[in-house]
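Visitor: Its first residue numbered 270, the sequence shown is counted upward by one per residue in this note's numbering. My structure is below; once you've seen it, I'll send some questions.
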Amino acid sequence: MNVVETRNLTFGYTATPVVEDVNLTVEAGEFLGIVGPNGSGKSTLLKLLLGLLEPDSGEARLFGEHATAFDDGERIGYVAQSVTTDTSEMPITVREAVLMGRYPHVGFGRITEDDRRKAREALETVGMSHLADRRVARLSGGQRQRTYIARALAAEAELLVLDEPTVGVDAESVAAFFELLADLHEFGLTVLLIEHDVGTVVERASTVLCMNREVLFHGSPDDFVESTALAEAYGATPKIMGVSE
Ligand code: ADP
Numbered sequence: 270m271n272v273v274e275t276r277n278l279t280f281g282y283t284a285t286p287v288v289e290d291v292n293l294t295v296e297a298g299e300f301l302g303i304v305g306p307n308g309s310g311k312s313t314l315l316k317l318l319l320g321l322l323e324p325d326s327g328e329a330r331l332f333g334e335h336a337t338a339f340d341d342g343e344r345i346g347y348v349a350q351s352v353t354t355d356t357s358e359m360p361i362t363v364r365e366a367v368l369m370g371r372y373p374h375v376g377f378g379r380i381t382e383d384d385r386r387k388a389r390e391a392l393e394t395v396g397m398s399h400l401a402d403r404r405v406a407r408l409s410g411g412q413r414q415r416t417y418i419a420r421a422l423a424a425e426a427e428l429l430v431l432d433e434p435t436v437g438v439d440a441e442s443v444a445a446f447f448e449l450l451a452d453l454h455e456f457g458l459t460v461l462l463i464e465h466d467v468g469t470v471v472e473r474a475s476t477v478l479c480m481n482r483e484v485l486f487h488g489s490p491d492d493f494v495e496s497t498a499l500a501e502a503y504g505a506t507p508k509i510m511g512v513s514e
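Below, the structure written as structure tokens:
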């Protein structure tokens, strides 16, 4: 079963569509990088894929179900661009935030030692064990993103959705963050990533989607570099760091 599947997906906040006629399939284990200029509909597409917006026409399916009807939230880890999400203002520790990832599995039961172990392992995976007792509100941007990923791992999410996760994060932490993503992808997680740095996407993703309202390119990073989609999307060919001509 495909993780994500859309058919003629179209949506506009007004009468003018900002996402138009998108046909997209994401298979389990894929790492899809989504690029396109500002305002090209990338975040809107993610929201449609997650069922947070209702399409005007066409459809989006998530794990085979209509995205808007999908209610198995723990299968998905969502790391938004803004770091001011719910827990960032709450006086909770990193350990507690990650343990929250276990709540959907616990139901009305109690947190068990097994849940605590899974949270500990998730913290270890993202390299945050040493900060487990620090308050989330006192973390740097990069540490906070790692905490959210650890929470998704503790929840045993199958799909990780990231909307420009490294905005406002220092360069060194950005590099480490993408190393971590690559490891998680290798481990089998399906990843959807919106990223403004085209070079990072070309380097890291297994598939690239380039859009500007409509899909301009969908295929391998190598083919993307050779294509005219970049120039079409941005109006001129931006230099792709780290990619030789
Ligand atoms: P991107 O993520 O590529 O920057 P967005 O999906 O955020 O693009 O936005 C696509 C278009 O939709 C832009 O023109 C933006 O101004 C508009 N838009 C985004 N969110 C809203 C909203 N909540 N209400 C009205 N217009 C919106």
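The C-beta atom is built at its ideal place from N, Cα and C for all residues, glycine as well.
Which of the three DSSP states, helix, strand or coil, is assigned to TYR347?
Guide: strand
Visitor: Would you mind giving the Cβ-Cβ distance between HIS454 and LEU293, rounded to the nearest angstrom? I have them listed as a contact below 8 Å.
Guide: About 18 Å separates the two Cβ atoms, so there is no contact after all.
Visitor: Looking at MET397 and ALA424, is the spacing between their C-beta atoms short of 7 Å?
Guide: no
Visitor: Under 8 Å: do the stretch 321 to 333 and the stretch 367 to 375 share three or more Cβ pairs, one atom per stretch?
Guide: no
Visitor: Using a Cβ-Cβ cut-off of 7 Å (strictly less than) and excluding sequence neighbours within five positions of ASN481, which residues of its own chain qualify?
Guide: Within the same chain, ASN481 has close Cβ partners GLY305, PRO306, SER309, ALA502.
Visitor: Is GLY310 near ligand 1, going by C-beta to nearest heavy atom under 6 Å?
Guide: Yes - ligand 1 has a heavy atom lying nearer than 6 Å to the Cβ of GLY310.
Visitor: Who does THR459 pair with in a DSSP beta bridge?
Guide: LEU428
Visitor: Hey, is VAL525 close to ligand 1, as in C-beta under 6 Å from one of its heavy atoms?
Guide: Outside the shown range of the chain (270 to 514) lies residue 525, about which nothing can therefore be said.
Visitor: Should GLU382 be labelled buried (16 or more other beta-carbon atoms within 10 Å of its own) or exposed?
Guide: exposed
Visitor: I need the straight-line Cα distance from SER475 to ALA401, nearest angstrom please.
Guide: Going by C-alpha positions, SER475 is about 32 Å away from ALA401.
Visitor: Measuring CB to CB, does THR459 end up less than 7 Å from LEU428?
Guide: For THR459 and LEU428, yes; Cβs fall inside 7 Å.
Visitor: Between which two residues does the beta strand (DSSP E) containing GLU495 stretch?
Guide: Counting along the chain, GLU495 falls outside any beta strand (DSSP E), though it belongs to the alpha helix (DSSP H) covering 490 to 495.
Visitor: How many angstroms separate the CA atom of VAL215 from the CA atom of VAL291?
Guide: Here the chain comprises residues numbered 270 to 514, so residue 215 is not present and cannot be evaluated.
Visitor: If THR416 and VAL430 are in contact, beta carbons under 8 Å, what's the gap, nearest whole angstrom?
Guide: Rounded, the Cβ-Cβ distance is 16 Å, inconsistent with contact.
Visitor: Can you determine whether any heavy atom of ligand 1 sits closer than 6 Å to the C-beta of THR275, and answer yes or no?
Guide: No, the beta carbon of THR275 sits no closer than 6 Å to any heavy atom of ligand 1.
Visitor: Please say whether PHE280 and VAL288 have beta carbons closer to each other than 7 Å?
Guide: yes
Visitor: ALA260 and GLY346: beta carbons closer than 7 Å?
Guide: Here the chain covers residues 270 to 514 and nothing more, so residue 260 does not appear.
Visitor: Give me the Cα-Cα distance between ASP492 and GLY378, rounded to the nearest whole angstrom.
Guide: 50 Å
Visitor: Taking the alpha-carbon of GLY468 as reference, which of VAL494, ALA451, LEU461, GLY504 has the nearest alpha-carbon?
Guide: VAL494
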